[in-house]
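Worksheet: one structure, shown below.
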Amino acid sequence: MEKFIMAIDQGTTSTRAILFDHERNVVAMSQKETTLFYPQPGWVEQDANDIYLSTLAVCMDVISKAKISPKQIASIGISNQRETTIIWDKETGLPIYHAIVWQSKQTDGICDEWKEKGYESIISKKTGMRIDPYFSASKIVWILNHVEGAKEKAKKGGLLFGTVDSWLVWKLTGQQVHITDVSNASRTLLFNIETCTWDDELLELFDIPKAILPEIKATSCHYGNTSPYLFLNEEIPICAVVGDQQAALFGQGCYEMGSVKNTYGTGGFMLMNTGDKIVRSNSGLVSTVAWKIGDKITYALEGSIFVSGSLIKWLRDELKIINSASQTEQMALSVDSCNGLYIVPAFVGLGAPYWNDKCRASIVGLTFGTNKNHLVRAALEAMAFQSKDVLEAMVEDSGVAISSIKVDGGAAANNFLLQFQSDILMCDIERYKINELTALGAAYLAGLSCSYWTYDDLKMDLDRVFKPSRSKENIDKIYGGWKKAVHACMEF
Ligand code: ADP
Numbered sequence: 002m003e004k005f006i007m008a009i010d011q012g013t014t015s016t017r018a019i020l021f022d023h024e025r026n027v028v029a030m031s032q033k034e035t036t037l038f039y040p041q042p043g044w045v046e047q048d049a050n051d052i053y054l055s056t057l058a059v060c061m062d063v064i065s066k067a068k069i070s071p072k073q074i075a076s077i078g079i080s081n082q083r084e085t086t087i088i089w090d091k092e093t094g095l096p097i098y099h100a101i102v103w104q105s106k107q108t109d110g111i112c113d114e115w116k117e118k119g120y121e122s123i124i125s126k127k128t129g130m131r132i133d134p135y136f137s138a139s140k141i142v143w144i145l146n147h148v149e150g151a152k153e154k155a156k157k158g159g160l161l162f163g164t165v166d167s168w169l170v171w172k173l174t175g176q177q178v179h180i181t182d183v184s185n186a187s188r189t190l191l192f193n194i195e196t197c198t199w200d201d202e203l204l205e206l207f208d209i210p211k212a213i214l215p216e217i218k219a220t221s222c223h224y225g226n227t228s229p230y231l232f233l234n235e236e237i238p239i240c241a242v243v244g245d246q247q248a249a250l251f252g253q254g255c256y257e258m259g260s261v262k263n264t265y266g267t268g269g270f271m272l273m274n275t276g277d278k279i280v281r282s283n284s285g286l287v288s289t290v291a292w293k294i295g296d297k298i299t300y301a302l303e304g305s306i307f308v309s310g311s312l313i314k315w316l317r318d319e320l321k322i323i324n325s326a327s328q329t330e331q332m333a334l335s336v337d338s339c340n341g342l343y344i345v346p347a348f349v350g351l352g353a354p355y356w357n358d359k360c361r362a363s364i365v366g367l368t369f370g371t372n373k374n375h376l377v378r379a380a381l382e383a384m385a386f387q388s389k390d391v392l393e394a395m396v397e398d399s400g401v402a403i404s405s406i407k408v409d410g411g412a413a414a415n416n417f418l419l420q421f422q423s424d425i426l427m428c429d430i431e432r433y434k435i436n437e438l439t440a441l442g443a444a445y446l447a448g449l450s451c452s453y454w455t456y457d458d459l460k461m462d463l464d465r466v467f468k469p470s471r472s473k474e475n476i477d478k479i480y481g482g483w484k485k486a487v488h489a490c491m492e493f
């Protein structure tokens, strides 16, 4: 009987289930949108039950589309949107508040208070992160303070906290297993990256009861089985849980220290595998856990860019100068250059390496000769310039010279973008034939754990390598202009 690995990719805007066969072909895929709520400016929330029900729906759908029996699923791997915070009642299983999404800024007051109290250095030393509403800790504090009686109930052990991975495993196992993995735990601001445990001193500082936290496990291991009530009496082993960006790093085959991947999705995320070393950043990056396999822990340096492909979405949905994202490639190629036009996409401030949450997006260098092709080209170039800013920080922090980068995400389909990226980074850009690398990473980690695959099985076919083709003078000139545009934007 042929067996498959089922990857669940629970993202911010949709949930997908993908079945992979042993040759890593996508046998079937199912996707369901999830709803985002914006109750106040800057707030982003989701219904945790919607996240779970969409997961269950796509799992059932993918099994039925592939016309297989649940018995044929060797194991499940879960990759998930990170940092998003859920707190639920241990007895009833009901969330006590919406999931607060990673993008949400509703906890900036709590973060400002922590900064004023001088917590920045202890937090960054212990967690490798920085104080920012992006990470989970302030979201936990916010829910415990805003929901009546929550704090007392949490102290008595009546509530549980989880990022999306914990919530899904808890629900899928019939409310039996409360775990997270190191890659997700490292995004909470409660996880000590040196000891790889919850940090008691930080818990006390934030006044978060330890009883609500899940048990921290490896990224690739058997956590439990799905409840027999879900998949026709079949108890399917769950064998991997991993944050989406770390999943893509693994899916891209970045197992070696110094290897780098860049994802061009809604946001942009560049990660470098730093092996068993925690590389501390002086340049605005964060030190995160990549994964733990067996007893071996692997770390990564990460630069998170808040707006990448969503800039193209804005050109389509708000400016309406394009009908589809794929059109942008031809439009950008129809002009020789941007003629000094720059877009700085600081719609929600700037993430790595600037971390400026006050500035807003700007367009500079407009002339009467500027047309929509220039605007489109400037948007794609901005995506590449932002990645160059992060890569420069990565080289500075790690001391590693980078000669090639693996790319994925929706906008990695754009050949103009990748050629321009290669030119300005002066390094090779490699794109694989499979673009589902987040799901594939989770599938690989699950498949390794249940002995469905070995490392030798995980090789992939390259689709295309983009090679640098511009002079250094030209790059210095256009990148210099970008830097000026960013500084003008931050000073405005
Ligand atoms: P996520 O998983 O973060 O939701 P995806 O990896 O699916 O996002 O990427 C979608 C983003 O990529 C969208 O914001 C879209 O505007 C952009 N995008 C998709 N195709 C292209 C393209 N050919 N050129 C440029 N941008 C694109």
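Here the numbering used here is used: position 193 in the sequence shown is 194, and no number is missing along the way.
Glycine included, every Cβ here is placed at the ideal spot set by N, Cα and C.
- With fewer than three CB-CB distances shorter than 8 Å, the segment 241 to 252 does not count as touching the segment 308 to 323.
- In the three-state DSSP reduction, residue 304 falls in the strand class (E or B).
- Excluding five sequence positions before and after residue 175, the CB atoms of its chain that fall closer than 6 Å to its own CB belong to 228, given in chain order.
- Looking at the DSSP output, residue 47 bridges to 100.
- Below 8 Å, enough C-beta pairs join the segment 7 to 20 and the segment 70 to 81 to call them touching: three or more.
- For residue 395, the secondary structure class from DSSP, reduced to helix, strand or coil, is helix.
- Residue 134 counts as buried, since at least 16 other C-beta atoms from the protein chains shown sit within 10 angstroms of its C-beta.
- If you ignore the 5 residues before and after residue 379, its C-beta comes within less than 7 Å of the C-beta of 339, 342, 343 and 344, all in its own chain and listed in chain order.
- Shortest gap from the CB of residue 330 to any heavy atom of the ligand ADP: under 7 Å.
- If you compare the alpha carbons of 168, 462, 418 and 453 with that of residue 469, the shortest gap goes to 418.
- Straight across, the Cα-Cα distance linking residue 284 with residue 130 is about 12 Å.
- For residue 79, the enclosing beta strand (DSSP E) has its first and last residue at 74 to 81.
- The ligand ADP has no heavy atom closer than 7 Å to the beta-carbon of residue 403.
- Remark: the shortest separation between the CB of residue 342 and any heavy atom of the ligand ADP does not fall under 7 Å.
- Relative to the ligand ADP, the beta carbon of residue 415 is positioned inside 7 Å of a heavy atom.
- Taking the CA atoms as reference points, residue 361 sits about 20 Å from residue 132.
- Taking residue 51 as the centre and dropping the five residues before and after it, the same chain places the C-beta of 35 and 36 closer than 7 Å to its C-beta, in chain order.
- Less than 8 Å divides the Cβ of residue 185 from the Cβ of residue 242.
- For residue 468, the CB stays at least 7 Å from every heavy atom of the ligand ADP.
- Here residue 238 carries a strand assignment [DSSP, helix/strand/coil].
- Remark: the C-beta of residue 373 is outside contact range of the ligand ADP, defined as less than 7 Å to any heavy atom.
- For residue 18, the shortest separation between its Cβ and any heavy atom of the ligand ADP does not lie below 7 Å.
- Residue 433 has its alpha-carbon roughly 10 Å from the corresponding atom of residue 252.
- Proximity of the beta carbon of residue 311 to the ligand ADP is indicated: a heavy atom of the ligand is located closer than 7 Å.
- For the ligand ADP, no non-hydrogen atom lies closer than 7 Å to the CB of residue 334.
- A heavy atom of the ligand ADP is found nearer than 7 Å to the CB of residue 12.
- Secondary structure at residue 201: helix, using DSSP grouped into helix, strand and coil.
- The continuous alpha helix (DSSP H) containing residue 251 extends over residues 245 to 252.
- Within the DSSP secondary-structure output, residue 20 pairs in a beta bridge with 7 and 29.
- By the Cβ neighbour-count rule, residue 147 is exposed, with fewer than 16 other Cβ atoms within 10 Å of its own.
- The DSSP-derived three-state label of residue 193 is strand.
- Within 7 Å of the C-beta of residue 327 there is at least one heavy atom belonging to the ligand ADP.
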